[in-house]
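Undergrad:
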Amino acid sequence: MQSSNTIKRANNKNISQLQRVGEKFFLVFIVLVLSSCSSLNIKKSLSLSVSEPVRENLAFTGKGAGAGMMLMSSMGPMGIAIGVAIDEGIAKDIAKAVKDKPFDIQQQMLEAFRTELSDEYKVTVRDENSSKPKKAELAITLKKFGFKSQPGEGDLVSAWFEIKINYLGDETDLVYPDNYFNQDEAIPVISLEMAKSDGSQGRELLQQALELIASQWLATRSSS
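What follows is the structure in structure tokens.
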């Protein structure tokens, strides 16, 4: 009888051990299943397009606009025209520096948005320049780009963009840097002289602006 009880206790002990092993394997299995599900990272699809700039040439606003306003009081419309000519001359100098290496602003904006969106979306690029373009879900119109004078010590300029973003028919007009910084926030700037002489600095300033435009659009969509 004692031997029978001993056998029963041994069997019960073995059953308990098997149950514990089974529970551990089950927990490991659940963890593996959950990990594989999260790693799938299923993305939503989004079609994207960026149109060619409405104004093809790089623009500048600043010195000439201020001079034109002052000259208008004494010279009338001619004063404004002189101011415009001053800014256009500066724009040509900056464009010459920026384009010392290939720099396609349409392609740069497309890449900035595609890179920013790629973590959450499977992005398909639509060609707005084709003979029969298909409307993209996210369509960006680049109306104007270039540089703009900024207040502060020295002759400082920032990147400058005027764009229209159409997302599923909802249109928004945006101006960089005006719509992207509060009064107490520092806007990325370089000196005007550097913008006219060092194309790499100008390109970097434009690229920084494009990345911020793309990231803030995505942040706005994610929070809405």
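First residue of the sequence shown? That's 6 in this note's numbering, and the numbers climb one at a time after it.
From the three backbone atoms N, C-alpha and C, an ideal C-beta is built for every residue, glycine too.
On a predicted model such as this, the values are computed, not experimentally measured, just so you know.
On the DSSP bridge list, what partners appear for K140?
TA: DSSP, once it has assigned bridges, lists no residue as partnering K140.
Undergrad: Helix, strand or coil, according to DSSP, for S227 in the structure here?
TA: helix
Undergrad: Pop quiz: E121 and S50 are said to be a contact at Cβ under 8 angstroms. What is the actual Cβ separation, rounded to whole angstroms?
TA: In fact, because the Cβ distance is near 16 angstroms, the residues do not count as touching under 8 angstroms.
Undergrad: Considering only C-alpha positions, which residue in the set Y126, G151, P156 and T146 is nearest to D227?
TA: Sequence inspection shows Ser at residue 227; the Asp mentioned does not correspond to that position. Per the Cα distances, Y126.
Undergrad: Classify P186 as helix, strand or coil using the three-state DSSP reduction.
TA: Before going further, note that residue 186 is Phe rather than Pro in the sequence given. Residue state, collapsed to three classes: coil.
Undergrad: With distance defined between alpha-carbon atoms, name the residue in I99, N184 and L179 nearest to K148.
TA: L179
Undergrad: With C-beta atoms as the reference, is V55 less than 8 angstroms away from G207?
TA: no
Undergrad: Less than 8 angstroms between C-beta atoms, sequence neighbours within five positions excluded: which residues of the same chain meet that for E176?
TA: Apart from sequence neighbours up to five positions away, the residues of its chain that approach E176 with a beta-carbon distance below 8 angstroms are K169 and I170, ordered along the chain.
Undergrad: Rounded to whole angstroms, what is the Cα-Cα separation between E158 and I145?
TA: 35 angstroms
Undergrad: Buried or exposed for L215, please, with buried defined as at least 16 other CB atoms from any protein chain shown within 10 angstroms of its CB.
TA: buried
Undergrad: Would you tell me roughly how many angstroms separate the C-alpha atoms of V128 and A86, rounded to the nearest one?
TA: 44 angstroms
Undergrad: Spell out the partners DSSP gives N171 in its beta bridges.
TA: A144 and E176
Undergrad: Whole angstroms is fine: what's the gap from K106's alpha carbon to V162's?
TA: Those two C-alpha atoms are separated by around 21 angstroms.
Undergrad: Based on the DSSP secondary-structure assignment, which residues constitute the bridge partners of W165?
TA: G151
Undergrad: Opposite V128 in the DSSP bridges: which residues?
TA: L51
Undergrad: What residue from S196, A164, S52 and L197 has the CA that sits closest to Y181's CA?
TA: A164
Undergrad: What residue from W222, N184 and G204 has the CA that sits closest to F166's CA?
TA: Comparing Cα positions, the closest option is N184.
Undergrad: Identify every residue that forms a DSSP beta bridge with I195.
TA: V162
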